[in-house]
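Just remember that this note's numbering sits 2 ahead of the position in the sequence shown, which is counted from 1.
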Amino acid sequence: MTSPAGPPPTGGGSEQQRLKLLAVTACPTGIAHTYMAAEKLAQAAASRGIDMKVETQGSIGAENVLDDNDVSNADGVIVAADKDVDLSRFVGKRVLTVGVAEGIHHPEQLIERVRSAPVHTAGAAPAASASGGGKERSVAYKALMNGVSYMIPFVVVGGLLIAISLSLGGHTDPSGGLVIPKDSFWMDINNIGVIGFTLMVPILSGYIAYAIGDRPALVPGMIGGWIANTGDLYDSKAGAGFIGAIVTGFLAGYLVLWIKKVKVPKFVQPIMPIIVIPIVATTALGLFFIYVIGKPISWVFEHLTDWLSGMTGTSAILLGAILGLMIAFDMGGPVNKTAFLFGTGLIATGNQTVMGMCAAAIPVMPLGQGLATLIRRRLYTEQERETGLAALFMGCFGISEGAIPFAAARPAQVIPANMLGGAVAGAIAGVAGVEDAVPHGGPIVAVLGAVSGVPMFFVAVLIGTAVTGLTTVTLVDVSERRRKGAAPVAGLGVAGPLEPALVGVGAGAAAGGAAGAVVAQRVVASSSAPAAETAPTGTPGAGAGADAGADTNTGVLSGYLTEQTVKVALDARDKEAAIRELAELLARTGKVADLDELVATALRREEQGTTGLGEEIAIPHAKTDAVTAPVVGFARSAEGVEWGSLDGTKARLVFMISVPEAAAGDEHLRILALLSRKLMDPGFRERLIAAPDEGAVLEVLNEVR
Numbered sequence: 003m004t005s006p007a008g009p010p011p012t013g014g015g016s017e018q019q020r021l022k023l024l025a026v027t028a029c030p031t032g033i034a035h036t037y038m039a040a041e042k043l044a045q046a047a048a049s050r051g052i053d054m055k056v057e058t059q060g061s062i063g064a065e066n067v068l069d070d071n072d073v074s075n076a077d078g079v080i081v082a083a084d085k086d087v088d089l090s091r092f093v094g095k096r097v098l099t100v101g102v103a104e105g106i107h108h109p110e111q112l113i114e115r116v117r118s119a120p121v122h123t124a125g126a127a128p129a130a131s132a133s134g135g136g137k138e139r140s141v142a143y144k145a146l147m148n149g150v151s152y153m154i155p156f157v158v159v160g161g162l163l164i165a166i167s168l169s170l171g172g173h174t175d176p177s178g179g180l181v182i183p184k185d186s187f188w189m190d191i192n193n194i195g196v197i198g199f200t201l202m203v204p205i206l207s208g209y210i211a212y213a214i215g216d217r218p219a220l221v222p223g224m225i226g227g228w229i230a231n232t233g234d235l236y237d238s239k240a241g242a243g244f245i246g247a248i249v250t251g252f253l254a255g256y257l258v259l260w261i262k263k264v265k266v267p268k269f270v271q272p273i274m275p276i277i278v279i280p281i282v283a284t285t286a287l288g289l290f291f292i293y294v295i296g297k298p299i300s301w302v303f304e305h306l307t308d309w310l311s312g313m314t315g316t317s318a319i320l321l322g323a324i325l326g327l328m329i330a331f332d333m334g335g336p337v338n339k340t341a342f343l344f345g346t347g348l349i350a351t352g353n354q355t356v357m358g359m360c361a362a363a364i365p366v367m368p369l370g371q372g373l374a375t376l377i378r379r380r381l382y383t384e385q386e387r388e389t390g391l392a393a394l395f396m397g398c399f400g401i402s403e404g405a406i407p408f409a410a411a412r413p414a415q416v417i418p419a420n421m422l423g424g425a426v427a428g429a430i431a432g433v434a435g436v437e438d439a440v441p442h443g444g445p446i447v448a449v450l451g452a453v454s455g456v457p458m459f460f461v462a463v464l465i466g467t468a469v470t471g472l473t474t475v476t477l478v479d480v481s482e483r484r485r486k487g488a489a490p491v492a493g494l495g496v497a498g499p500l501e502p503a504l505v506g507v508g509a510g511a512a513a514g515g516a517a518g519a520v521v522a523q524r525v526v527a528s529s530s531a532p533a534a535e536t537a538p539t540g541t542p543g544a545g546a547g548a549d550a551g552a553d554t555n556t557g558v559l560s561g562y563l564t565e566q567t568v569k570v571a572l573d574a575r576d577k578e579a580a581i582r583e584l585a586e587l588l589a590r591t592g593k594v595a596d597l598d599e600l601v602a603t604a605l606r607r608e609e610q611g612t613t614g615l616g617e618e619i620a621i622p623h624a625k626t627d628a629v630t631a632p633v634v635g636f637a638r639s640a641e642g643v644e645w646g647s648l649d650g651t652k653a654r655l656v657f658m659i660s661v662p663e664a665a666a667g668d669e670h671l672r673i674l675a676l677l678s679r680k681l682m683d684p685g686f687r688e689r690l691i692a693a694p695d696e697g698a699v700l701e702v703l704n705e706v707r
């Protein structure tokens, strides 16, 4: 239970002493900025004699969690976050929502502002921050990413189980296509995978709605997604696929938000979120889709089939390109299924060339998107790269849905690239006269002997895949460059422009503390350093004496940082030179297998967003197999290095962190979180700056516990 907010506190110092505030901090990666903001807010509150408890929603889960007692006794709540945070527990309290960077740079102002913040009411959306510019777009983007992040496990599990069952239990049958014997073990595996695929589209829709309208929107979102996907209720064989699910997700979310604004009697309010809103929204959305959206969809695709039938006597190149475009457009959706069913129907008439065109186009999307994650890794998060590997596997077995997470996350870039590659593959297969005797696609049908013209079939698939992959990375790269040209977004100094993608940034994810995303690749720690003497005593070349006889067992931060990797006087004057100098420092440990690749990876990370965290701190980092084990370096710069920090300060204290791709574990992230917090302590920073040599630096850093 929460108590009413009451009037904002006023009066003298004695009343200010009794003020009790709460805060929640969170950033997309849940490492550096999360803990920097927490420490800054706590320090600002303590300096004013204000009691404050701060909950951090970091990569290692929610810590210092606010309980009912805390909320009941609080005078206000500051939410400094760059991802959605569940505010339902703060009903009746004054809630101020801002970006995480505000918590770092202006904690005193936030403490003053929260006293007059609006009271949060049941079902209310978080108030827009004062930063302005693109708030609505940001909400929509985070909602879409929330849906995608929850959908990905269903795509991967369903797709891989189907692929495994087809590869190990399937065979070609002229009368029934690619067949798995009924009542066999592999049919059971296939059926489990089909369930995953059946659920993935409603999950996408439901969690898009959830991120917008909170829990009351989950049911209408999922049921709406199911209706859109199956098509049974509006006489469509194909349904509306994942595009229809995106539509129902947003419709459900915003419909619920609108219903929440309706004023109802007090006795009805308790049942609104659990009974009234879900029933009204689900019924309205379902009927709207069936009668308003569904019928036109069914009519359009029936006539599209008739149009395709009239093209069978035209140029094979043109027909193949059109079928490839359709197959690639929505990957299992209505456009895809229309082309697929058209090709399937012609097999029985003895025309197998149309199915050959479709079969060549079917694997291009997942193979192309998987290829894109390999050739331009920096454009993708760790979770996207893992999904890319799964997509490559699914593509080999003709499961085009493996590309859906990429298309849902970046439709403007991925769908055109998919369509171009699909059209190329279909056209090549058409002109080559490739035939497919079974209603399935991908390399597996060629391996199992269902395809005639196998060499040209693989040529079509490979060229289409290359076109899709190269076009995707080009369009995504252009999009990211444009984004970097826009005004900086608070908190993106660590996250980089791609961080929100595929990591569960919606309300549901935030409420759980950290949304099961793979974030180990974003190893960042934090923060500041006032001007002071640098006390350089090492000789040029980084810490004389550290080279010879340095005992790696005397390291701190779990041994990741030793005297070998400390330099009290950084020689570099620009960012690139500084990163190379620090990489050479890390190489002293013998844990760097490829120095140039380590530097290149760190620089690519800088292209995504500066690792200059403000207040004269920078923490460049790289996750790469150029290192064989986690290693951390530290260097000081007397003059400072321009790092593009949000507050405009030059970096004087620089940590460099590198871990191999396979490195994982909460312990490593926890150490970085502790380092982030500790760097917020002015006394700690002063001791770090004043340390006369490498050994003294290690002694100071040993305080990080």
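Virtual Cβ for every residue (Gly too), placed ideally from N, Cα, C.
> Hey, how far is the Cα of Ala434 from the Cα of Ala318?
Replying inline: Rounded to the nearest angstrom, the two C-alpha atoms are 9 Å apart.
> Out of Glu388, Ile401 and Asn75, which has the shortest C-alpha to C-alpha gap to Leu163?
Replying inline: Nearest option by C-alpha distance: Ile401.
> If you run the structure through DSSP and keep just helix, strand and coil, what is Gly616?
Replying inline: Strand.
> Using the rule of at least 16 other Cβ atoms within 10 Å of the residue's Cβ for burial, across every protein chain shown, is Trp260 buried or exposed?
Replying inline: Trp260 is exposed by the Cβ-count criterion.
> How many whole angstroms separate the CB atoms of Pro336 and Ile299, which I take to be in contact at a CB cut-off of 8 Å?
Replying inline: Separation of the CB atoms of Pro336 and Ile299 is rounded to 6 Å, and the pair is thereby assigned contact status at 8 Å.
> Candidates Val87, Glu437 and Asn75: which alpha carbon is nearest Phe459's?
Replying inline: Per the Cα distances, Glu437.
> Considering only C-alpha positions, which residue in the set Met359, Gln59, Ala620 and Ser560 is nearest to Asp649?
Replying inline: By alpha-carbon distance to Asp649, the top candidate from Met359, Gln59, Ala620 and Ser560 is Ala620.
> Just to confirm, are Glu688 and Thr651 a CB contact at a threshold of 9 Å?
Replying inline: Inclusion of Glu688 and Thr651 in the CB contact set at 9 Å is not warranted, their separation being larger than that value.
> According to DSSP, what are the bridge partners of Thr250?
Replying inline: Beta bridge pairing from DSSP links Thr250 with no other residue.
> Residues in its own chain within less than 6 Å of Pro204 by CB, not counting five upstream and five downstream?
Replying inline: Within the same chain, Pro204 has close Cβ partners Met224, Gly227 and Trp228.
> Secondary structure at Val436, three-state DSSP: helix, strand or coil?
Replying inline: Val436 falls in the coil class under three-state DSSP.
> Counting along the chain, where does the alpha helix (DSSP H) carrying His107 start and finish?
Replying inline: Looking at the DSSP string, the run of the alpha helix (DSSP H) that includes His107 is Val102 to His107.
> Would you call the stretch 470-482 and the stretch 366-386 touching, i.e. three or more CB-CB distances under 8 Å?
Replying inline: Yes: at least three Cβ pairs fall under 8 Å.
>> Going by DSSP in three states, Asp72 sits in which element: helix, strand or coil?
In response: Helix.
> Straight-line CA distance for Val100 to Arg117?
Replying inline: If you take the alpha carbons of Val100 and Arg117, they lie about 14 Å apart.
> Quick one: complete beta strand (DSSP E) runs, 3+ long, within the stretch 593-664?
Replying inline: 614-616, 623-625, 633-643 and 653-661, all fully within the stretch 593-664.
> At what residue ranges does the stretch 174-215 contain a whole run of the alpha helix (DSSP H), taking only runs of 4 or more?
Replying inline: Counting whole runs of 4 or more residues, the stretch 174-215 contains the alpha helix (DSSP H) stretches 187-215.
>> Does Phe636 pass the burial test, meaning 16 or more other C-beta atoms within 10 Å, or should it be called exposed?
In response: Phe636 counts as buried, since no fewer than 16 other beta carbons sit within 10 angstroms of its beta carbon.
> Going by the beta-carbon positions, is the gap between Ala362 and Gly296 smaller than 9 Å?
Replying inline: Contact annotation: Ala362 and Gly296 have beta-carbon atoms that are not nearer than 9 Å.
> What are the partner residues of Ile80, as DSSP defines its beta bridges?
Replying inline: In the DSSP output, where bridge partners are listed per residue, Ile80 has Ala25 and Leu98.
>> Please state the DSSP three-state secondary structure of Ser481.
In response: Three-state DSSP puts Ser481 in a helix.
> Taking the alpha carbon of Cys360 as the point to measure from, which residue in Val416, Phe269, Ala431 and Thr375 has its own alpha carbon closest?
Replying inline: Each of Val416, Phe269, Ala431 and Thr375 was checked against the Cα of Cys360, and the nearest Cα belongs to Ala431.
> Taking just the CA atoms, how far does Val449 sit from Ile191?
Replying inline: Cα to Cα, Ile191 sits roughly 21 Å from Val449.
>> I need the straight-line Cα distance from Glu17 to Ala76, nearest angstrom please.
In response: Confidence at Glu17 is low in this model, with a pLDDT of 43, below 50, so the placement of that residue should be treated as unreliable; the coordinate-derived value is given next. Looking at the backbone, the Cα of Glu17 and that of Ala76 are separated by about 14 Å.
>> One question on the structure: do Ser660 and Val633 come within less than 9 Å of each other, judged by their Cβ atoms?
In response: Yes; because the gap between Cβ atoms is below 9 Å, this pair is in contact.
> Quick one: Cα of Met658 to Cα of Leu588, how far?
Replying inline: Those two C-alpha atoms are separated by around 8 Å.
> What number of angstroms, rounded off, separates the C-alpha of Leu394 from the C-alpha of Leu373?
Replying inline: Annotation: Leu394 to Leu373 spans about 7 Å, alpha carbon to alpha carbon.
> Rounded to the nearest angstrom, how far is the Cβ of Arg607 from that of Pro622, given a contact under 8 Å?
Replying inline: In this structure, Arg607 and Pro622 form a Cβ contact; the two beta carbons are roughly 7 Å apart against a cut-off of 8 Å.
>> I'd like to know whether the C-beta atoms of Ala119 and Thr27 end up nearer to each other than 9 Å.
In response: A distance of 9 Å or more separates the beta carbons of Ala119 and Thr27.
> Of all the alpha helix (DSSP H) runs that stay within the bounds of the stretch 346-410, which reach a length of 4 or more residues?
Replying inline: DSSP runs (the alpha helix (DSSP H)) wholly in the stretch 346-410: 355-363, 366-377 and 384-398.
> Taking C-alpha atoms, which residue in Lys625, Ala579, Ala631 and Asp596 lies nearest to Gly561?
Replying inline: Residue Ala631 is the option with its Cα nearest to Gly561.
> Over what stretch of residues does the alpha helix (DSSP H) that includes Pro280 continue unbroken?
Replying inline: Residues Ile279 to Phe290.
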